[in-house]
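Structure first, then comments.
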Amino acid sequence: MANKVNYPVSQSTDMFYELTGITSSTGFFDVGYNNSIGQTYNGALRFQDVSIPQGATVISAELQIKVAVRNGSDPILAKVWGIDEDNTANFSSSPMGRTKTTASNTHYYTDSGTGWFSIGVTNVVQEIVDRAGWSSGNDIGFIVEDNGTDTGDDNDVVDVYIGGLIGNNSMLTIQLATTPNFFPTPGTVSAPTFPETDDYGLKVSKIGVDIGTASEDELLLTTRQKVFKVLNEGTLDVSSGTASYTHNLGYNPAVLGYIKGTATGETRMYKLNKIYKPYTNPDVGGYVVSGTTVNNVRTGGVGTTGFVYLYTFIDPLT
């Protein structure tokens, strides 16, 4: 996979020509031999804002030169070098004496009329972008000289000029190797928000009940409750309304109790600290009061034969 980019000439000082020993000017580019005066044309081209990273691999590069005026019909022989600079300045002064690259290429233009011709400059561009001082976005220049055009034919000249239409003529076409990017853009990952402890575990709800919204009473099974270690369990007679259980732990342990009022005909057990309603006394309730040595159970009067089934845990009361 590769990307190809065209860089057009963008201003008059990006083109230069000289007729050896006679004249020179910006805004035009000529190469060849003028038999009528016995002189050769040489020129230079410059391209701005070339986006190539330093040291990038250039697959191909070509000068695409548009011929506006063609005098004569014999082949025109040209040779091209790069201007060996990190960032080529414009041609407001003659660029023909600037240092050339080691790499170069030759071309024969054989068409008798106007059109386009290309000169390969891959090695030339590669030499320039390999310079330590090259940076993407710099300007790059080329010197194109006559390379032995036949002097027997009059006016064998390629006249490529800007005229009043800057940017629509000669261009530099570069194709770079595209390196796949296997690395994602670095980003910051926020620390996760962990759920409360009682949101962990396994839950099984009744048929037809959404497990995400099920209440405790709608669960058939849950493992999210804290696991307690039981110190002891047993039955306390609370027919008198109160009873005590000695544990001697030295701190307030967690306690869980269930109560049943048999004197009133109630056969079900109710968890203490919740209001329960025996058939004959709807106002009876119960609770557990923990202590550092003794658990005191007060039921509020459940009948002469009432009792509590009590669990005392090792875990402290929190």
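The sequence shown maps to residues 154 to 471 in the working numbering.
Quick reminder that beta carbons are idealized off the backbone N, C-alpha and C, glycines included.
Note that the structure is a prediction, hence the values are computed from the model and not measured.
Just to confirm before moving on: does the CB-CB distance between residue i and residue j stay below 8 Å?
i, j, result
"Leu329", "Thr210", "yes"
"Thr254", "Trp234", "yes"
"Leu216", "Ser271", "yes"
"Ser204", "Gly340", "no"
"Ala214", "Val278", "yes"
"Lys232", "Ser265", "no"
"Ser247", "Ser165", "no"
"Gln201", "Leu172", "no"
"Thr465", "Leu384", "yes"
"Val184", "Asp299", "yes"
"Leu373", "Lys382", "no"
"Ser323", "Phe169", "no"
"Ile218", "Met249", "no"
Identify the continuous beta strand (DSSP E) that holds residue i and give its terminal residues.
i, result
"Glu215", "211–220"
"Asn385", "383–390"
"Trp234", "229–236"
"Ala330", "324–330"
"Tyr462", "460–469"
"Leu374", "372–375"
"Ser358", "356–358"
Which of the three DSSP states, helix, strand or coil, is assigned to residue i?
i, result
"Ile272", "strand"
"Asp202", "strand"
"Ser177", "strand"
"Gln279", "helix"
"Asp292", "strand"
"Thr338", "coil"
"Thr399", "strand"
"Thr166", "helix"
"Gly264", "Correcting the residue type first, residue 264 is Asp in the shown sequence and not Gly. If DSSP states are grouped into helix, strand and coil, Asp264 belongs with coil."
"Asp363", "coil"
"Asp507", "No information on residue 507 is available, as it lies outside the stretch 154 to 471 that the chain covers here."
How big is the Cα-Cα spacing for residue i and residue j?
i, j, result
"Ser368", "Gly410", "22 Å"
"Tyr462", "Val342", "51 Å"
"Pro469", "Asn405", "6 Å"
"Ile281", "Leu325", "14 Å"
"Ile327", "Thr275", "8 Å"
"Ser393", "Gly361", "45 Å"
"Gly273", "Ile293", "15 Å"
"Tyr194", "Thr338", "52 Å"
"Gly225", "Ile175", "21 Å"
"Ala285", "Pro161", "25 Å"
"Lys356", "Pro206", "59 Å"
Taking 7 Å as the cut-off, is the C-beta of residue i nearer than that to any heavy atom in the ligand SAH?
i, result
"Gly301", "Within the structure as shown, the ligand SAH is missing, as the structure has no ligands at all."
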